[in-house]
Every structure is written in structure tokens, then in C-alpha cells.
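Let me begin by presenting the structure, written as C-alpha cells, before commenting on it.
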Amino acid sequence: MQVNLREPWRIGAVEIPTRLVLAPMAGVSVQAFRRQGRRYGAGLVCSEMVSCSGIHYGNERTLGYLRIAEDERPLAVQIFGSEPAFMAEAASTVVAAGADIVDVNFGCPVRKVTKTGAGATLLDQPDRACRIVSAVADAVSVPVTVKMRRGLENGSRTCLDLGPRLADAGAQSLTLHPRSARQMYTGQADHDLTAELVELVDVPVVASGDVVSHAVAAAVLEHTGAAAVMVGRAAQGNPWTLSEIVDGEEPTPSRADVAAELILFVRETVNELGEQRAASFLKKFYGWYLRRGRFPRPFVQELVRLDSTELVIQRLLVAEPRAAEALARLEAEAPGIEGTLVPLPISAYGGG
Ligand SMILES: Cc1cc2nc3c(=O)[nH]c(=O)nc-3n(C[C@H](O)[C@H](O)[C@H](O)COP(=O)(O)O)c2cc1C
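Residue numbers (our numbering): 599 to 950.
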């Protein structure tokens with residue numbers, strides 16, 4: 599069967615132009631990542647999870663996650679927390695900041711989050727989970743969605759009980775990453791469970807986990823009946839894989855293309871986070887972009903040791919002078935974010 603990932607679909611009134619969603623990833627899903635994802639074929643992008651208490655207390659770094667550019671849209675902002683009233687308040691704030699969709703995190707397995715009663719913990723507290731979704735849905739007029747894991751323990755089927763209840767409580771789409779919280783990222787995503795969930799609910803389901811190619815995406819969509827696939831780790835430092843997943847054609851970027859995308863990513867991230875935070879945040883991206891046989895390993899190690907992002911950019915341009923031309927082309931196609939920021943109703947932009 600031919601599966602067309604360029605077929606638009608909807609979550610509530612929000613039209614999503616392709617059946618590929620870029621995954622929310624803490625420590626990865628900065629604005630540069632999301633904008634790049636849209637350029638390479640993601641129909642919907644998502645912020646990393648944002649703490650509802652951080653929003654409530656006006657934490658500067660938390661508010662910094664709410665910078666949204668016009669060309670990222672449609673965009674979901676994901677919030678996490680355990681108190682329905684705080685979650686409702688956070689939802690209103692993220693919508694005022696420009697989110698087209700509010701996504702609620704019931705999947706984060708990390709202890710720092712679960713010990714506060716948020717994230718995956720809520721999979722085992724269905725009443726509270728439903729109260730959160732219904733409070734959030736009452737607070738905003740945009741669609742509310744939920745992202746969840748299969749359950750807390752290996753082999754759990756909790757998501758199949760909880761999913762329909764969340765849809766009844768107001769979730770207009772469910773994303774399932776069918777691993778348990780205990781599994782973290784080990785083993786395989788069990789998309790048989792995704793297929794079962796699709797049968798149980800009337801809202802669109804998004805399949806997350808281990809989608810790394812067009813062939814896998816098509817197989818998952820066909821097997822599960824999901825509305826879309828979500829792609830996370832495969833897109834780290836490799837936006838070309840998103841094009842391949844959507845269109846089935848393997849683009850082979852030249853070294854100049856790779857260096858140019860990385861330089862653009864570095865510049866935009868510095869713009870968003872400020873030099874100090876960006877310099878350490880970006881280090882993991884150098885390997886993600888440049889390995890895969892594209893540049894020698896010692897070169898990556900050299901970049902990681904450099905003190906400033908400006909030195910990194912200079913070094914890349916020396917190693918691959920043709921990147922300057924590729925970069926100029928990219929910048930012409932994807933103008934800078936100045937002028938595209940949605941004005942925030944909050945006075946402090948964190949993250950600088
Ligand atoms: C570094 C990292 C950070 C993540 N952060 C989030 C997050 O903030 N919210 C969320 O719902 N899922 C988060 N996830 C899970 C992903 O969204 C996705 O469900 C998971 O990685 C499986 O998809 P993949 O195999 O395509 O990577 C994260 C995953 C990774 C690897």
C-alpha cells in the first residue's frame with residue numbers, strides 16, 4: 599500500500615500539512631530545531647516540555663521557552679505539571695504566547711519530573727490525569743492534546759484504559775510512545791499497542807517511537823491506522839532524514855550543506871539562548887551533524903573544545919569554504935527570526 603505523508607490532516611480546527619510531527623525533546627527542541635523541522639517537511643512541531651509551575655512563578659528560563667516565531671506554526675507547546683489549576687493557567691499563557699495547540703505531558707519518565715507527580719506518574723492516576731485534561735481544555739479555545747507512554751511498568755497496557763478517558767475529558771489527539779516509563783529508551787516501541795489505541799478512540803492518534811525512515815513510517819501508519827508519525831532522535835543533527843521520511847527520497851547533503859545547516863543552527867540558537875548557554879547546549883549537536891562519515895571524528899572533538907560559537911563557525915568555514923555560499927542560500931530562503939517573533943504578553947524573555 600502507498601502511504602502519502604504529504605496528505606494534510608487536522609487536530610480540531612488546526613490543519614497540519616504533512617503526516618510527520620517533530621517530537622518534543624527536552625534539551626533539543628529549541629526554536630532553531632523546530633524551524634528547521636518545518637523547512638524539511640514536519641507538518642507540526644512541538645516545544646520541549648515546559649513546567650507549569652515555572653510559568654506560574656514567572657521563572658525567566660521557563661518563559662524563555664515561549665518564544666514562538668510565526669514560521670514555526672502550526673506549533674504545539676507542551677506543558678507538564680500535576681495540579682489541574684496550574685496546568686490550566688499555564689495553558690492560557692502558552693496560548694497567549696502563540697501556541698496553536700497545547701500538549702500535555704503524561705510520558706516523561708525522568709525522576710526529577712515523576713517525583714513531583716507529573717509526567718508518566720499520571721498514567722497511574724487516571725482521575726487526576728482526566729481532571730488535568732478537562733481543566734486545560736476548559737481554559738483554552740485551541741485544541742488540547744496528550745502525549746503518553748504505554749504505562750509505568752514493562753508490558754503495561756494502561757494507555758488503552760486511559761486513552762479513551764482522556765479523549766472523553768477533552769483531548770483532541772493522543773500521541774503514544776509505546777514504551778513503558780521503566781524502559782526509558784531501551785527495547786522497541788510496541789506499535790501493536792498503537793494500533794489497539796487507534797481502534798479505541800475517535801480522535802487522531804500519533805505514533806511515536808523508532809520511526810527512522812520512510813519505509814518504517816509507511817509501515818507504522820499502515821499497521822496502526824495512526825494519523826501521523828512522530829520523529830525524534832532520528833532528526834537530531836539530521837534534518838535530511840525528515841525529507842526522506844516524508845517523500846521517500848534520500849537526499850545526500852554535501853559537506854557544505856551540512857556545515858551550512860549547522861552554522862545557521864548555531865547562529866539561531868545563540869540568538870535564542872545567548873552565547874553562554876548556547877555554547878554548552880550546542881556541543882552535542884556538533885557530533886550529531888558532523889559524524890555519520892561526514893567529517894572526521896578529531897574535527898568534531900576540536901569543535902567541542904573551542905571556547906566560543908564564533909570560533910566554531912570560523913573553524914567550520916575554514917574546513918569547508920563552500921559552506922559560505924550554501925549558508926547565504928539558506929539565509930535567503932529562511933530569513934532570520936527578527937520580525938517573525940509573536941509578541942509575548944509577558945514582560946520578561948528568559949533565555950538571554
Ligand atoms: C533527549 C530527549 C528528550 C525528550 N524530551 C521529551 C519531552 O520534553 N516531552 C516528551 O513528551 N517527550 C520527550 N522525549 C520523547 C520523544 O518525544 C519521543 O517520544 C521518543 O524519543 C521516541 O521517539 P524516537 O524514537 O523518534 O526518538 C524526549 C526524547 C529524547 C531522546
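For glycine and all other residues, C-beta sits at the position ideal for the given N, C-alpha and C.
Keep in mind that this is a model prediction, so the values were computed, not measured.
Query	Result
Candidates 757, 602, 826 and 735, of which the one nearest residue 770 by Cα	735
For residue 869, the three-state DSSP class (helix, strand or coil)	helix
Continuous beta strand (DSSP E) stretch holding residue 776: start and end	771-778
Pick from 880, 837 and 848 that is closest to residue 636, judged by C-alpha positions	837
Minimum Cβ-Cβ distance from residue 817 to chain D less than 8 Å	Given the protein chain composition of this structure (a single chain), no chain D is represented.
For residue 703: DSSP bridge partner residues	745
heavy atom of ligand 1 below 7 Å from residue 969 C-beta	No answer is possible for residue 969: it lies beyond the span of the chain, which begins at 599 and ends at 950.
Exposed unless 16 or more other CB atoms sit within 10 angstroms - verdict on residue 784	exposed
Residue environment, residue 866, which counts as buried when at least 16 other CB atoms sit within 10 Å	buried
Exposed unless 16 or more other CB atoms sit within 10 angstroms - verdict on residue 931	exposed
Alpha-carbon spacing of residue 610 relative to residue 888, whole angstroms	39 Å
Environment of residue 906 [buried if 16+ CB atoms lie within 10 Å]	exposed
8 Å CB neighbourhood of residue 799 in its chain, flanking five on each side removed	761, 762, 765 and 772
Beta carbon of residue 702 nearer than 8 Å to that of residue 731	yes
Residue 749 beta carbon less than 8 Å from that of residue 795	no
Own chain, CB closer than 8 Å to residue 670, minus 5 neighbours either side, in chain order	629, 632, 633, 636 and 643
Start-end ranges of the beta strand (DSSP E) lying completely within the stretch 602-653, minimum 3 residues	607-609, 612-614, 618-620 and 643-649
Validate contact between the stretch 872-882 and the stretch 840-859 using beta carbons, cut 8 Å, 3 pairs	no
Euclidean distance between Cα positions of residue 868 and residue 875	8 Å
Residue 813, buried or exposed, once every other Cβ within 10 Å from all chains shown has been counted against 16	exposed
Reduced DSSP secondary structure (H/G/I, E/B, other) of residue 806	strand
Cβ-based burial, residue 652 [other Cβ within 10 Å; buried from 16]	buried
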